[in-house]
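A.B. asks:
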Ligand code: HEM
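Right under this line is the structure:
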């Protein structure tokens, strides 16, 4: 089975693979993005690996990614199957958005989710108002932490998750709510369990999921998360009124009603659960991790922090709340937010893609059905593109006159057909949370605490090592 890769001419080269395991043991699953970048130095920007009997092609660097994600977007728009999620209901055409195969169900759910998020003027508050309000709650909570070192992880996570909560089911949770704290912990544990070696092996040998302790070890967090989401959906069902749509879940139920006549509709109860799960799973940890990188960089680079403070004072002042209308007037802050995302590099390997049809990238043949890894990290740190790829340097996004400049190689949200569905929301959250907190506080490394580390901890997302910070009020 491990000979498969040698049967195609012009298939990308790769390191020699061992019988049965292929190259699996050559990748350090605690830091796969680093291992994959190293291999590109030896085998080129398009190379192949073999995990048990699955062929993978790894794409590296800006030029390759541009060709693949932009010019040949549909060719690699599919997703591989993830058998480990089948016990949760991810089967056939019912896979929500993130894990959905490229096809009609994915298209319908992506379009519905995007337009429902966009319309979030529906209900009484706009999306921007919801984020600003939550940033206000977070600031008040941080005021009470003044003067003592604390780890901001759970507060930030709770605040960001509250935005998704208010979109999905029209409610937010207090930062002291023990049940919700538990749920957020479970989401984090899920990422760790599912990005490890065990989960990769179980994906390749699905029969292993029939072993109860193993399935439990991988999916234990979900076995608690899903009943929580199910309860929320059931409560919605009881009070559902088609003439008064309150939130995402209501909007989805209305869509199910409309599609009732259509026997083939992909809008069903299971997909409602999985799509809601997607919004939480994809929309909380990502944005909150980025913000944690942000405050970490502000502590480590006080000069950049002072420049952001100056710009906030000049453009917004200390009284008015930041709005999205301020972004264009604040090139330095905008550059800092982009540089936080570039350096934080929080989804280093993107999500796995799969070739939807036979294709060719930089002259290499990639057959339909091959898993394609988009090494986003190799683009965000591409030495051919960035002046100081491994340093925090907001000037990457500024011209000589201090104007903001877009960079094509900024692909923190990926690009093409599968580009992050929550990009606009995430950009809004990052700017509003970041500027709201910066307006009110200065962030400092606490006395007697070590200088926080700048390298990340990998668990599908790349997050900062736990750190403590002090906030000092500027008001
Ligand atoms: C997919 C990054 C926030 C929902 C992705 C992908 C990346 C990404 C790299 C994979 C794209 C690909 O397959 O090529 C980020 C970052 C975020 C963020 C860096 C924050 C800083 C959000 C938020 C939401 C969200 C707030 C939801 C409201 C999704 C969904 C997908 C996705 C549903 C799957 C799209 C598809 O398969 O069609 N994101 N994301 N993301 N993201 Fe985000």
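Residue numbers (our numbering): 10 to 484.
Positions of the beta carbon are idealized from the N, C-alpha and C atoms, including for glycine.
Being a predicted model, the structure only gives us computed values, none of them experimental.
1. Between which two residues does the alpha helix (DSSP H) harbouring residue 340 extend?
2. Identify the continuous beta strand (DSSP E) that holds residue 476 and give its terminal residues.
3. Closer than 7 Å to a non-hydrogen atom of the ligand HEM - does that hold for the CB of residue 295?
4. Less than 6 Å between C-beta atoms, sequence neighbours within five positions excluded: which residues of the same chain meet that for residue 310?
5. If we count Cβ pairs, one from each stretch, closer than 8 Å, do we get three or more for the region 453-462 versus the region 108-124?
6. Which residue wins for smallest C-alpha separation from residue 393, given the options 164, 308, 71 and 421?
7. Give me the Cα-Cα distance between residue 89 and residue 328, rounded to the nearest whole angstrom.
8. Tell me which same chain residues have a C-beta within less than 8 Å of the C-beta of residue 18, skipping the five on either side of it?
9. Please classify residue 428 as buried or exposed, where buried requires at least 16 neighbouring CB atoms within 10 angstroms.
10. If we ignore side chains and look at the alpha-carbon of each, how far apart do residue 421 and residue 265 end up?
11. Give the secondary structure of residue 364 by DSSP, where H, G and I count as helix, E and B as strand, and everything else as coil.
12. Considering only residues of the same chain and omitting the five flanking positions on each side of residue 259, which have a CB-CB separation below 7 Å?
13. Apart from the five residues just before and just after residue 135, which ones in its own chain have a Cβ nearer than 6 Å to its Cβ?
14. Quick one: what does DSSP say residue 484 is sitting in, helix, strand or coil?
15. Can you tell me whether residue 382 is helix, strand or coil according to DSSP?
16. For residue 58, report the span of its alpha helix (DSSP H) as first-last.
17. How far does the alpha helix (DSSP H) with residue 178 in it extend, from its first residue to its last?
18. What is the DSSP secondary structure of residue 239, reduced to helix, strand or coil?
19. Output the distance between the C-alpha atoms of residue 10 and residue 210, rounded to the nearest integer angstrom.
20. With DSSP run on the structure shown, which of helix, strand or coil describes residue 261?
21. Rounded to whole angstroms, what is the Cα-Cα separation between residue 432 and residue 290?
22. Check the C-beta distance from residue 166 over to residue 182 and give it rounded, since I have them as a contact under 8 Å.
C.D. replies: Quick look at the numbers:
1. 340-353
2. Per DSSP, residue 476 belongs to no beta strand (DSSP E) and is neither H nor E.
3. yes
4. 401
5. no
6. 71
7. 50 Å
8. 374
9. exposed
10. 33 Å
11. coil
12. 245 and 249
13. none
14. coil
15. strand
16. Premise fails: residue 58 lies in the beta strand (DSSP E), 55-60, not in any alpha helix (DSSP H).
17. 162-178
18. helix
19. Note that residue 10 scores 41 on pLDDT, short of 50, meaning its location in the model is unreliable; the coordinates nonetheless yield the value given after this. Approximately 16 Å between the Cα atoms of the pair.
20. helix
21. 14 Å
22. Rounded, the Cβ-Cβ distance is 11 Å, inconsistent with contact.
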